[in-house]
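Comments concern the structure below.
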Amino acid sequence: MDILIDKSVCIGAGQCALTAPAVFTQDDDGFSELVPGGEDGAGSPLVREAARACPVGAIKVAT
51 MDILIDKSVC
61 IGAGQCALTA
71 PAVFTQDDDG
81 FSELVPGGED
91 GAGSPLVREA
101 ARACPVGAIK
111 VAT
């Protein structure tokens, strides 16, 4: 599985980092990014929940 973050869509709401903090964080500007090594969490139900929680759909979990 791959976690894809469309940074051109992200508005920095932070729902991903709140939902799955082991996988997502926010950069200095508040936009979503993966925690180093966080790609391994793609199978976690929290990652899928974080993608659903994103208000603008900037996160995709692909198989």
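Here the sequence shown stands for residues 51 to 113, numbered as in the numbering used here. Backbone N, C-alpha and C fix where the C-beta goes; we use that ideal spot for every residue, glycine too. The model shown is predicted, which means the values in this text are computed figures rather than measured ones.
Burial state of residue i, where buried means 16 or more other Cβ atoms lie within 10 Å
{"i": "ALA100", "result": "buried"}
{"i": "ILE53", "result": "buried"}
{"i": "ILE109", "result": "buried"}
{"i": "THR69", "result": "buried"}
{"i": "SER58", "result": "exposed"}
Option nearest residue i by Cα separation, candidates the options
{"i": "PRO86", "options": "GLY93, VAL73, PRO95, LEU96", "result": "VAL73"}
{"i": "ALA94", "options": "GLY80, ILE61, PRO71", "result": "For the record, residue 94 in the displayed sequence is Ser; it is not Ala. Checked all of GLY80, ILE61, PRO71; the closest Cα to SER94 is PRO71."}
{"i": "MET51", "options": "ASP90, ARG102, LEU96", "result": "ASP90"}
{"i": "LEU96", "options": "CYS66, CYS60, VAL106", "result": "CYS66"}
Opposing strand residues paired with residue i [DSSP bridges]
{"i": "SER82", "result": "GLN76"}
{"i": "VAL111", "result": "ILE53"}
Rounded distance between the beta-carbons of residue j and residue i, thought under 8 Å
{"i": "GLY80", "j": "GLY107", "result": "About 18 Å separates the two Cβ atoms, so there is no contact after all."}
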